[in-house]
Amino acid sequence: MKKLLGLLITAFMVVGMMSSSASADVVKGQKYYLKFLKKSCGMTGGDFAKKHTQAEWTAINKDGKLFDEIKTICPNHTKVLKDKYFPHMFDFFHNYASDSGNVPSC
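Using the numbering used here, the first residue of the sequence shown is number 1087, and each one after it goes up by one.
Below you can see the structure in the form of structure tokens.
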């Protein structure tokens, strides 16, 4: 019985780790903002994220318009961003939106 219980606990932990690593990451989004957008936008990540509420960021992301919105807020931005950055950047913007109450460190 102990072996079965140990095996089940281990299986749940492995599944839990796998599902969390597949999701987007707020910290990665912050790093991407700092690396690719901060200089061309001329504002902190918190100021950028506060341009919209969480619901607005969700709608923008759902419509696939995140890059268009970045270009609207930062017209001086010229670098091409890879698609793999957007889920993380969306999580960052959503987590620090104007109605979230969170303040990033950048």
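Note that beta-carbon positions come from the ideal geometry of N, C-alpha and C, so glycine has one too.
From a predicted model like this one, the values you see are computed outputs, not experimental measurements.
Under the rule that 16 or more other beta-carbon atoms within 10 Å means buried, what is residue i, buried or exposed?
i	result
P1161	exposed
G1150	exposed
D1185	exposed
M1175	buried
A1135	buried
I1156	buried
G1131	buried
D1154	exposed
A1141	exposed
S1105	At S1105 the pLDDT is 45, less than 50, meaning the model places this residue with poor confidence; the figure from the coordinates comes in the next sentence. S1105 is exposed by the Cβ-count criterion.
Does residue i come out as helix, strand or coil in the three-state DSSP assignment?
i	result
S1186	coil
Using beta carbons (cut-off 8 Å, strictly below), is residue i in contact with chain D?
i	result
W1143	Within the model displayed, chain D is absent; a lone protein chain is all it includes.
*Looking at C-beta atoms only, is the number of pairs between the region 1142-1151 and the region 1109-1127 that lie closer than 8 Å three or more?*
no
*Counting pairs of beta carbons, one from the region 1166-1175 and one from the region 1124-1132, are three or more of them closer than 8 Å?*
no
_alpha helix (DSSP H) segments (min. 4 residues) lying fully within the region 1111-1188_ = 1112-1118, 1124-1127, 1131-1135, 1140-1148, 1152-1159, 1172-1181
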